[in-house]
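S.K.: The opening position of the sequence shown corresponds to residue 1 in the UniProt record's numbering, with each subsequent residue numbered one higher. Even for Gly, the Cβ is constructed at its ideal location relative to N, Cα and C. Predicted, not measured: the structure shown is a model, and the values here were computed from it.
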Amino acid sequence: VKMQVIKKFNDISWSKSVLYQLRRMSSTVENPVVDLPGLGSLRGSTTTGAWTGRRIYQFLGVKYAEAPIGERRFKAPVPIAPWEGVKDATKYGTPPPSYNNILTLPKEKVSSKLEDCINLCVYSSDLSASKPVMVYIHGGGFFTGSAAQHPPNYLLEKDIVLVVPQYRLGPLGFLSTMSDTIPGNAGALDVILAFEWVQKYIQHFGGDPKQVTAFAQSAGATLLSALTFSDLVREDLFSKAILSSSASFATWCYDHNCVSNARDIAKRSGCSKQASLDEVNDFLMKADAKTLVASHMSHMAAGTPNGINTIGGHRITVGGPSNLLADTTFNLMRKGKGRRNLPLLAGIAKHDATFLMTGLCDIFLHTVGYENHKFNKFQLIDMINKTLGSDEQTGALAALATMTLFDIDARTKGDFYAMLDGLFDLSGILVIKGPVLREVQYHLSRNKTPTYLYAFDYEGEHTRFGYGEDTSKYPFDGGVAHSDDNIYLFPWPKEVAKLNEEDNKIAKKMVDLWTSFAINGVPTSPDVASWPAMENIAGPYLHIDKECKVSDNYYDEFKVIGKEKRNLKRNKHLLLDAK
1 VKMQVIKKFN DISWSKSVLY QLRRMSSTVE NPVVDLPGLG SLRGSTTTGA
51 WTGRRIYQFL GVKYAEAPIG ERRFKAPVPI APWEGVKDAT KYGTPPPSYN
101 NILTLPKEKV SSKLEDCINL CVYSSDLSAS KPVMVYIHGG GFFTGSAAQH
151 PPNYLLEKDI VLVVPQYRLG PLGFLSTMSD TIPGNAGALD VILAFEWVQK
201 YIQHFGGDPK QVTAFAQSAG ATLLSALTFS DLVREDLFSK AILSSSASFA
251 TWCYDHNCVS NARDIAKRSG CSKQASLDEV NDFLMKADAK TLVASHMSHM
301 AAGTPNGINT IGGHRITVGG PSNLLADTTF NLMRKGKGRR NLPLLAGIAK
351 HDATFLMTGL CDIFLHTVGY ENHKFNKFQL IDMINKTLGS DEQTGALAAL
401 ATMTLFDIDA RTKGDFYAML DGLFDLSGIL VIKGPVLREV QYHLSRNKTP
451 TYLYAFDYEG EHTRFGYGED TSKYPFDGGV AHSDDNIYLF PWPKEVAKLN
501 EEDNKIAKKM VDLWTSFAIN GVPTSPDVAS WPAMENIAGP YLHIDKECKV
551 SDNYYDEFKV IGKEKRNLKR NKHLLLDAK
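1) Taking 8 Å as the limit between beta carbons, can you name the residues of its chain near Pro-305, skipping five residues before and five after?
2) Within 10 Å of its beta-carbon, does Gly-85 have 16 or more other beta-carbons around it, so buried, or fewer, so exposed?
3) Classify Tyr-555: buried if its beta carbon has 16 or more other beta carbons within 10 angstroms, exposed otherwise.
4) From the beta carbon of Thr-328, is the nearest beta carbon of chain C less than 8 Å away?
5) Please go through the same chain and pick out, in chain order, the residues whose beta-carbon is closer than 7 Å to the beta-carbon of residue 585, but skip the five residues on each side of it.
6) Can you tell me whether DSSP reads Arg-438 as helix, strand or coil?
7) What are the residues that DSSP puts in a beta bridge with His-543?
8) Residues in the same chain with beta-carbon distance under 8 Å from Val-198, minus the five sequence neighbours each way, listed in chain order, please.
9) Taking the C-alpha atoms as reference points, what is the distance between Lys-377 and Ala-533?
10) Since Gly-347 sits in a beta bridge, which residues does DSSP pair it with?
11) Helix, strand or coil: how does DSSP classify Ser-525 here?
12) Mind checking Ala-301: buried by the 16 CB within 10 Å criterion, or exposed?
13) Gln-211 by DSSP, collapsed to three states: which one?
14) Could you give the first and the last residue of the continuous alpha helix (DSSP H) run that contains Asn-376?
15) If we require 3 or more residues per run, which beta strand (DSSP E) segments fall completely within the stretch 160-246?
16) Tell me whether Arg-168 is buried or exposed, calling it buried when 16 or more other Cβ atoms sit within 10 Å of its Cβ.
17) For Gln-58, is the classification buried or exposed, using 16 other Cβ atoms within 10 angstroms of its Cβ as the cut-off for buried?
18) Would Thr-317 pass as a contact of Ser-176 if the rule is Cβ separation under 8 Å?
19) Report yes if the CB atom of Lys-350 is closer than 8 Å to the CB atom of Phe-456, and no otherwise.
20) Could you check what DSSP says for Ile-561 in three-state terms: helix, strand or coil?
21) State the beta-bridge partners of Asn-536 as determined by DSSP.
22) Ordered along the chain, which non-local residues of its own chain (more than five positions away) have a Cβ less than 6 Å from that of Gly-460?
23) So which of Gly-414, Leu-189, Gly-145 has the shortest CA-CA distance to Asn-323?
24) Which residue wins for smallest C-alpha separation from Leu-325, given the options Leu-224, Ile-384, Cys-361?
25) Under a Cβ-count criterion, where at least 16 other Cβ atoms within 10 Å of its own Cβ denotes burial, should Ile-561 be classed as buried or exposed?
26) My output table needs one value for Asp-477: the three-state DSSP class, helix, strand or coil.
27) Below 6 Å CB to CB, which residues in the same chain sit around Gly-521 once its five sequence neighbours on both sides are set aside?
28) In whole angstroms, what separates the C-alpha of Val-34 from that of Pro-77?
29) Per DSSP, what are the beta-bridge partners of Val-133 in this structure?
30) Phe-143 to Gly-170, Cα distance in whole Å?
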């Protein structure tokens, strides 16, 4: 009997050895196979660098969590279970359900499979190396975006490994009733699990788990900023951070009324207004994804005119069963909380606020009319403050804005066209530039590690202003718009991926700066003489442009449009046509 057991054991060991060798034999340059101990094997594919054509190994749609369906909907992610054989990782995974990929689907194609979206992409030029790793958290307002929108062809020209995780979005990712059934922050917990996955497995893709830089833009930067204040995030998950065009000190990133917002979304989905919380939970657990996404969009459209802080279902919740944050990061800052010893690079796009003004125009300016001088004189600034989450009642904010951002003659006459520069600057300060500056100032006050600050000033051939939608109805163009800096880090979408000579120079400069920070902790480029770390609350900071330069007073960025007298405006007849 003993001999039979030994023989059986040897047979099993031999079989596993043969399978391992067969997998290795099937691994080719074009179809590499990576073995993840205790998990399984993945077969990837290749792409090439944009400038040198260097080979890049890519593993797409790699699931790092079980499908969040059934009882797992809205809950913390469950790590992916081991699998047998070699999984195909040559195609992007299912994107998170959002308004731009699910609302047009016919009803018969809507199924729980659409929610199986917790996957990531890994890109590496050398699977046997141990290179610094960059993990990118995408933006999109917490309700749109995917890994496919962030290809590696620029960044992988440098010796780094890139990881782009997807996380649940919108109500499926952030809805909360402050209950164990729907605790909230599921999407944020996905991101934390992705970082933990990187720690376990990135060495098998040629990455060094001890050198992980987290970088993010817009809502992704807000989430990354929040993670630096979360007790759930181990400090070894990432050792450097890059925040572009947002931070968690922005009030819009929190769901201030999560239970009532969840009830409203449930009601719009067909749930009784008189339903108990348990009944609401049960309804939301069973509603199909398309219905939830559509109801969430309806909720946002109806509520935003009352102020962006009044809507939710797609934002970070504070407290509650998820345990992500005990309080807002502003209040945690007051208590001296937050990550220490974290090298930080952060900044904004010069005209980050132009996309905000399109929303404001859609909400009330097209309704009230641009030429309503009485409204512009007495209500416009207060309305913008309220809509953007700063409903200050004393009048101090409106007075300071009038003093510092507006031409007093334009303000007293209520001339919207003449006030437009100040409106851009005010919006940018409230939503993006102010929170980013607060982030770096707080970081500087408590960290011995360097803090680097930038303003992205380059206006290239392409823009993300409008994100592909028609912007001709607005009486202004985008300038150096929100997300324009991403054009030079990721070749997507295809309309902006064809760079001219000057744009290519900027892309190479951006890639130099971002990857050198990840590799050495110091952002450098042959085309940048120097980028000194911050020394005080205002700078120094770097202007990223054709010719980079260092400035000392970051507060100048708060009045950049009014100061430069740039013509962001289109023909004035658009104002009259829009009335």
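M.R.: Taking the coordinates as given:
1) Ile-363, Phe-364, Thr-387
2) exposed
3) Answer is exposed; the Cβ neighbour count stays below 16.
4) Here there is only one protein chain, and chain C is not present.
5) What the structure shows of the chain is the stretch from 1 to 579, and residue 585 is not part of that stretch, so it cannot be assessed.
6) helix
7) His-543 is bridged by DSSP to Ala-455, Lys-549.
8) Val-133, Val-135, Val-163, Gly-207, Pro-209, Val-212, Leu-237
9) Whole-angstrom Cα-Cα distance: 42 Å.
10) Ser-244, Tyr-454
11) strand
12) Looking at its Cβ environment, which holds fewer than 16 other Cβ atoms inside 10 Å, Ala-301 is exposed.
13) strand
14) 373-378
15) 161-165, 207-217, 240-244
16) That one is buried.
17) Burial call: buried.
18) yes
19) yes
20) helix
21) Gly-539
22) Asp-503
23) Leu-189
24) Leu-224
25) buried
26) coil
27) Pro-343
28) Using only the alpha carbons, I get a separation of about 24 Å.
29) Val-161, Val-212
30) Their Cα atoms are separated by approximately 4 Å.
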